[in-house]
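Student: Okay, handing you the structure first.
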Amino acid sequence: MTKKDDFKIIFRGIRGSYPVADKNFLKYGGNTSCVEVIAGGKRIILDAGSGIIPLGDKIYKEYISSAENPQDRRPMDIILLLTHVHQDHIQGLNFFKPINVPSTKFSLFGYSGFDWGLDETLSELCFGKSFPINLYDITANIYISNISETDVITINKENELPVLKRVSDIEQIKPKKDEIVISMAKLNAHPNFGVMSYKITYNNKSVVYATDTECYFGGAKKLELFAKDANLLIHDSQYTTEDYLSAAAPKQGFGHSTFDMAIQTAKSANVKQLAFFHFDPSYNDEKLTNIENYIKKNNDNCFLAKEGLEICL
551 MTKKDDFKII FRGIRGSYPV ADKNFLKYGG NTSCVEVIAG GKRIILDAGS GIIPLGDKIY
611 KEYISSAENP QDRRPMDIIL LLTHVHQDHI QGLNFFKPIN VPSTKFSLFG YSGFDWGLDE
671 TLSELCFGKS FPINLYDITA NIYISNISET DVITINKENE LPVLKRVSDI EQIKPKKDEI
731 VISMAKLNAH PNFGVMSYKI TYNNKSVVYA TDTECYFGGA KKLELFAKDA NLLIHDSQYT
791 TEDYLSAAAP KQGFGHSTFD MAIQTAKSAN VKQLAFFHFD PSYNDEKLTN IENYIKKNND
851 NCFLAKEGLE ICL
């Protein structure tokens, strides 16, 4: 049972690029990017890859079991943060069951990188032309907000919905008791428009979600500062260094990091734990297990994300 002061991270989808369904991918999982965060009794979801589909089924079951009479059921209150609109980060959105329930409060924040708003971007990519219904045929109470790295989201008892505000200095925002603060940093190494990383702070602890980012010579200084002293850093780790530097098929410039890059960033940022995330879909359980065993010989505060794994901060 979740307590009100819990701060939990649950990995729901850990792959990059595309989902994998194969018996050799069961240990770590085959769904694309989705991380669930439970803080102060609130549910915050990071990205809507295919991992959001089974999560939605779970949330919907909880809703159904909350009361026999539909009018008495506890409404689903969900906050979704999108890092960007590449397919492996939005492909599960259409099939997320809670958006089809009229009482659901669904607050969606994200960065599209295009000249038009996030609502129009999602409408074009996920609905209408590529799906049987349009975005605003969704029956849930949906609130879509465009964000920039000068914005901060606060969640507290005083407001029914999350509050988006612009600040000149993140240090101006100090979480009050029982308040959740979400800050952002735009990372520009991922083609074509960059990607938004998120920091969720609650009860004097923080988790940083930095997927689809690539480190170059000298390290990712912007991310290192953003993630400084975080309790947990979830970092893109799509490739081994060998694959990244492959003479036959080099991956430099693809906008993804290696495991070594993630370790370098975590050490420079002085984070307490590092979770490797967003694995290449060709890396099966055997390969990922070998990678994890090798890395843990010299690094004891890191681990490979697995679907269903829970971390309590």
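Residue numbering for the sequence shown follows our numbering, beginning at 551 and increasing consecutively. The beta carbon of each residue, even a glycine, is placed where N, CA and C say it ideally should be.
Can the beta-carbon of G744 be found less than 8 Å from the beta-carbon of G803?
Tutor: Translated into the one-based positions of the sequence shown, residue 744 becomes position 194. Translated into the one-based positions of the sequence shown, residue 803 becomes position 253. No, these two residues do not count as a Cβ contact at 8 Å.
Student: By the DSSP assignment, the beta strand (DSSP E) with L605 in it spans what residues?
Tutor: Within the sequence shown, residue 605 is the residue found at index 55, counting from 1. No beta strand (DSSP E) contains L605, which is instead part of the alpha helix (DSSP H) from I602 to S615.
Student: According to DSSP, simplified to helix, strand and coil, what is K558?
Tutor: As a working mapping, residue 558 is identified with position 8 in the sequence shown. In the structure shown, K558 sits in a strand (DSSP, three-state: E or B).
Student: Return yes when the Cβ of T839 is within less than 8 Å of the Cβ of E774, no when it is not.
Tutor: Position 224 of the sequence shown, counted from the first residue, corresponds to residue 774. Position 289 of the sequence shown, counted from the first residue, corresponds to residue 839. Contact flag unset, no.
Student: Quick one: Cα of I683 to Cα of I732, how far?
Tutor: Taking the first residue of the sequence shown as 1, we reach residue 683 at position 133. Taking the first residue of the sequence shown as 1, we reach residue 732 at position 182. Roughly 31 Å separates the two Cα atoms.
Student: Does the Cβ-Cβ distance between A798 and K749 come in under 8 Å?
Tutor: Against the sequence shown, residue 798 aligns to sequence position 248. Against the sequence shown, residue 749 aligns to sequence position 199. Result no, Cβ atoms of A798 and K749 do not sit closer than 8 Å.
Student: Which residue wins for smallest C-alpha separation from Y759, given the options A739, G769, N738 and L783?
Tutor: Locating residue 759 in the sequence shown gives position 209, where the first residue counts as 1. Comparing Cα-Cα distances from Y759 to each of A739, G769, N738 and L783, the minimum goes to L783.
Student: With H, G and I counted as helix, E and B as strand and the rest as coil, what does DSSP make of G660?
Tutor: Here residue 660 refers to the residue found at position 110 when the sequence shown is read from its first residue. Correct three-state label for G660: strand.
Student: Who does N696 pair with in a DSSP beta bridge?
Tutor: For the purposes of this step, residue 696 is taken as the residue at position 146 of the sequence shown. G660, per the DSSP bridge assignment.
Student: Quick one: Cα of L672 to Cα of F646, how far?
Tutor: Within the sequence shown, residue 672 is the residue found at index 122, counting from 1. Within the sequence shown, residue 646 is the residue found at index 96, counting from 1. Taking the straight line joining both Cα atoms gives about 14 Å.
Student: If you drop the 5 nearest sequence neighbours on each side, which residues of the same chain put their C-beta closer than 6 Å to that of A855?
Tutor: On the sequence shown, position 305 is the one that residue 855 refers to. Cβ neighbours of A855 beyond the five flanking positions: F561, I564, A825 and F827.
Student: Can you tell me whether Q637 is buried or exposed? The criterion is at least 16 other CB atoms within 10 Å of its CB, across all chains shown.
Tutor: Here the question's residue 637 lines up with position 87 in the sequence shown. Counting Cβ neighbours within 10 Å, Q637 comes out exposed, since fewer than 16 surround it.
Student: Any contact between the region 627 to 644 and the region 580 to 592? By contact I mean 3 or more CB pairs, one from each, below 8 Å.
Tutor: Counting Cβ pairs under 8 Å, three or more are found: they touch.
Student: Measuring alpha carbon to alpha carbon, tell me which residue in Q621, V635, Y613 and I688 is nearest N742.
Tutor: Along the sequence shown, one-based indexing puts residue 742 at 192. Looking at the Cα atoms, V635 is the closest of the given residues.
Student: Which of helix, strand or coil does DSSP assign to D779?
Tutor: Numbered from its first residue, the sequence shown carries residue 779 at position 229. D779: coil per DSSP, three-state reduction.
Student: Just the C-alpha distance for S616 and D665, rounded to the nearest angstrom, thanks.
Tutor: Here residue 616 corresponds to residue number 66 of the sequence shown, with the count starting at 1. Here residue 665 corresponds to residue number 115 of the sequence shown, with the count starting at 1. Taking the straight line from one Cα to the other gives about 42 Å.
Student: In the structure shown, what three-state DSSP assignment does H785 receive?
Tutor: As a first step, residue 785 must be located in the sequence shown, where it is residue number 235. Reduced to three states, the DSSP call for H785 is strand.
Student: Give the single residue among T654, L643, I649 and I703 whose Cα lies nearest to the Cα of S680.
Tutor: Here the question's residue 680 lines up with position 130 in the sequence shown. The residue with the shortest Cα to Cα distance from S680 is L643.
Student: What do you get for A571, buried or exposed, if any count of 16 or more other CB atoms within 10 angstroms of its CB means buried?
Tutor: Working through the sequence shown from its first residue, we reach residue 571 at position 21. Exposed is the call here.
Student: What are the boundary residues of the alpha helix (DSSP H) that L854 is part of?
Tutor: On the sequence shown, position 304 is the one that residue 854 refers to. Looking at the DSSP string, L854 is not in any alpha helix (DSSP H); the run it does join, the beta strand (DSSP E), is C852 to L854.
Student: Ignore the nearest five residues each way along the sequence and tell me which others in D810's own chain have a CB closer than 7 Å to its CB.
Tutor: As a position in the sequence shown, residue 810 is number 260, starting the count at 1. Cβ neighbours of D810 beyond the five flanking positions: T791.
Student: Taking a contact to mean a Cβ-Cβ separation below 8 Å, would you say V757 touches L863 in this structure?
Tutor: Taking the sequence shown and counting its residues from 1, the one referred to as residue 757 is at position 207. Taking the sequence shown and counting its residues from 1, the one referred to as residue 863 is at position 313. Yes, the Cβ-Cβ distance between V757 and L863 is below 8 Å.
Student: Quick check on the burial criterion: 16 or more other C-beta atoms within 10 angstroms. Buried or exposed for M551?
Tutor: Counting from one through the sequence shown, the residue named residue 551 turns up at place 1. With a pLDDT of only 47 at M551, under 50, the local geometry of the prediction cannot be trusted, and the value read off the model is given with reservation. So M551 ends up on the exposed side.
Student: To which residues of the same chain is I694 closer than 6 Å at the C-beta, ignoring the five residues directly before and after it?
Tutor: Numbered from 1 along the sequence shown, position 144 holds the residue referred to as residue 694. Answer for I694: L658, L668 and D669, listed in chain order.
Student: For K715, which residues does DSSP report across the bridge?
Tutor: For this step, residue 715 is matched to residue 165 along the sequence shown. DSSP, once it has assigned bridges, lists V702 as partnering K715.
Student: So, with DSSP's three-state summary, where would you put M811?
Tutor: Taking the first residue of the sequence shown as 1, we reach residue 811 at position 261. M811 falls in the helix class under three-state DSSP.
Student: Since F794 is in the alpha helix (DSSP H), which residue starts that stretch and which ends it?
Tutor: In the sequence shown, residue 794 corresponds to position 244, counting from 1. One detail in the question is off: residue 794 reads as Tyr in this sequence, not Phe. Y794 -> alpha helix (DSSP H) spans T791 to Y794.
Student: Do the CB positions of I602 and I594 come within less than 8 Å of each other?
Tutor: Numbered from 1 along the sequence shown, position 52 holds the residue referred to as residue 602. Numbered from 1 along the sequence shown, position 44 holds the residue referred to as residue 594. Cβ distance not < 8 Å, so I602 and I594 don't count as in contact.
Student: Check the DSSP bridge columns for A739 and list the partner residues they point to.
Tutor: Locating residue 739 in the sequence shown gives position 189, where the first residue counts as 1. Answer is none; A739 lacks a bridge partner.
Student: Rounded to a whole number of angstroms, what is the C-alpha to C-alpha distance between P725 and T751?
Tutor: What you label residue 725 is simply residue 175 of the sequence shown in a count that begins at 1. What you label residue 751 is simply residue 201 of the sequence shown in a count that begins at 1. Whole-angstrom Cα-Cα distance: 8 Å.
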